[in-house]
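A.B. asks:
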Amino acid sequence: MRMLITILTIAFFSGLISVCFAKEENFCSNQILARETKSGFTWTLTSRLGEILHSAEKRYGKRDMSWTILGIEFTNQDQPEIWYPSPSDNRKHVIIQLTKKASQDKKSAIYQLSHEVIHLLSPAGRDGSSVFEEGLAVYFAISNMQTMNYDINERYISGKKYKQAYKLIDNLYKNFDNAEARIKQLRSKVKRTRDISPQQFSAAFEGLNKRYAQLLATKYSDWKL
Ligand SMILES: [Zn+2]
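This is the structure we're talking about:
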């Protein structure tokens, strides 16, 4: 019996170790601890942020450089988000907040980080993002992780609204040649992604249903499914 308990205990802890290299106050240290290697340091969420941001900029155009990205932190909230810590917008500081789940699960962390990177391209501030921007964030998160060789597809998306927002962008990719270049061009015409108007969507995606263009430009929090 004691032998069995010992085996089960070892199995339990080796299971934990395979998920987390080591645990420090519930956080996976291999996501935040940069260990020195021959050529630099191991990947952390911070160095991943640089790579993901670079990838998003290549696909959708440069970010608004007037904002300063302070870093990444974890919260007890259910949703990741962009947080503006200063009392006024003058400082233009931004923090990426990931969930507690992301602190313990690397796949969740990279997924959430990829999503938030789209918001970092042009932070919407108090005005909030549009349906298009949220859809693009979900679409990019999935496709970016596929390029990073993660086994992931749209079934990973949680929440009815996010799933629907993903479909709106996926449809653009499927129905228009060079959809990505058109999105990049659209972004270059506005200060923030959330500001792209229905008329601009219609001009960039000729033949697009007017109500579809209108929906893309709708404030995400106003969208009722
Ligand atoms: Zn979002």
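In the working numbering, the protein residues as written are 88 to 312. Don't be surprised by glycine CBs; every beta carbon is placed ideally from N, CA and C.
#1: Verify whether the separation of the beta carbon atoms of R281 and D176 is less than 8 Å.
#2: From Q184 to I119, what does the alpha carbon distance come to, in whole angstroms?
#3: Check whether the Cβ of A224 sits closer than 7 Å to any heavy atom of ligand 1, and report yes or no.
#4: Run through the DSSP bridge pairs and tell me what Q184 is partnered with.
#5: Just how far apart, CA to CA, sit V225 and A121?
#6: Just how far apart, CA to CA, sit D165 and K187?
#7: When we look at the beta-carbon of Q233 and count the other beta-carbons within 10 Å, is it buried (16 or more) or exposed?
#8: Can you name, in chain order, every residue of its own chain whose Cβ lies under 7 Å from the Cβ of G212, other than the five neighbours on each side?
#9: Quick one: using the 10 Å Cβ neighbour count with 16 as the cut-off for buried, is S190 buried or exposed?
#10: Shortest alpha-carbon distance to G229 belongs to which of E221, N240, N236?
#11: May I ask you to verify whether the stretch 287–305 touches the stretch 247–261, counting CB pairs closer than 8 Å and requiring at least 3?
#12: How many angstroms separate the CA atom of S201 from the CA atom of Q272?
#13: To which residues does DSSP link E123 through a beta bridge?
#14: Compute every distance between the C-beta of E221 and the non-hydrogen atoms of ligand 1, then say whether any falls below 7 Å.
#15: Please identify the residue among L132, K276, L312 whose C-alpha is closest to the C-alpha of R150.
#16: In angstroms, rounded to a whole number, what distance separates the CA positions of N128 and A291?
#17: Just the C-alpha distance for E293 and A268, rounded to the nearest angstrom, thanks.
#18: Less than 8 Å between the CB atoms is what I'm expecting for E157 and H141, so what's the real figure, rounded?
#19: Between the alpha carbons of K248 and Y299, how many angstroms are there, rounded?
#20: What do you get for G61, buried or exposed, if any count of 16 or more other CB atoms within 10 angstroms of its CB means buried?
#21: Provide the residue span of the alpha helix (DSSP H) that contains K247, from first to last.
#22: For G148, collect the residues of the same chain with a Cβ closer than 7 Å to its Cβ; drop the 5 residues on either side in sequence, then sort them by chain order.
C.D. replies: In terms of the structure at hand:
#1: Going by C-beta atoms, R281 is not nearer than 8 Å to D176.
#2: 14 Å
#3: yes
#4: E160, E168
#5: 28 Å
#6: Answer to the nearest angstrom: the Cα atoms are 8 Å apart.
#7: exposed
#8: Y171, D176
#9: By the 10 Å Cβ count, S190 comes out buried.
#10: Residue identity check: residue 229 is Ile in the sequence provided, not Gly. I229 has its Cα closest to that of N240, out of E221, N240, N236.
#11: Touching, yes.
#12: 21 Å
#13: F128
#14: Yes, Cβ of E221 sits closer than 7 Å to a heavy atom of ligand 1.
#15: K276
#16: The question names Asn, yet the displayed sequence has Phe at residue 128. The straight-line gap from Cα to Cα measures roughly 43 Å.
#17: Each residue's Cα considered, the two are about 14 Å apart.
#18: The residue asked about is misnamed: residue 157 is Leu in this sequence, not Glu. Contact doesn't hold; Cβ gap of about 18 Å is too wide.
#19: 15 Å
#20: This structure does not reach residue 61, given that the chain is present from 88 up to 312, and the question cannot be answered.
#21: 247–262
#22: Here the set comprises K271, R274, S275.
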